[in-house]
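The structure under discussion appears below in the form of structure tokens.
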Amino acid sequence: MSFDEEHLDDHHDCRGEIKRLQESEELAWGLIANAYGGDWDLASEASGWKAAAECWRDAYFATLPSPPSEMVEKP
2 MSFDEEHLDD HHDCRGEIKR LQESEELAWG LIANAYGGDW DLASEASGWK AAAECWRDAY
62 FATLPSPPSE MVEKP
């Protein structure tokens, strides 16, 4: 195997790992978003769950790419 072929294999391995991690994040978000039947206000404030879920949500959304401007609905 040449250096270029080996480098390409490493690139494909990395892309597969990135895809797996992105899918795991999407699954985690689905679980978190639907906790308490999707009504996070049902969670006890004392548990700190809602604040932690909001923090995770905000960090997760910050990693998502913005849609192209032509796809954003204008007011």
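Under this note's numbering, the first residue of the sequence shown is numbered 2, with each subsequent residue one higher.
Every residue, glycine too, gets a C-beta built ideally from N, C-alpha and C.
Keep in mind that this is a model prediction, so the values were computed, not measured.
Exercise. At what residue ranges does the region 4-76 contain a whole run of the beta strand (DSSP E), taking only runs of 3 or more?
Worked result: Correct list: empty.
For this session: Out of S70, Y61, V73 and P76, state which residue places its alpha-carbon closest to the alpha-carbon of G31.
Result: Restricting attention to S70, Y61, V73 and P76, the CA atom closest to the CA of G31 is found in Y61.
Exercise. Is it true that the CB of W57 sits closer than 9 Å to the CB of I19?
Worked result: Taking 9 Å as the cut-off, the beta carbon of I19 is found no closer than this to the beta carbon of W57.
Exercise. Alpha carbon to alpha carbon, how far is A44 from K75?
Worked result: Each residue's alpha carbon lies about 34 Å from the other.
Exercise. Does L43 come within less than 9 Å of chain B when only Cβ atoms are used?
Worked result: Annotation note: the requested chain B is absent from the structure, which comprises a single protein chain.
Exercise. CB-CB under 7 Å to T64, same chain, minus the five flanking residues each way: which ones, in chain order?
Worked result: The answer is none, since no qualifying residue turns up.
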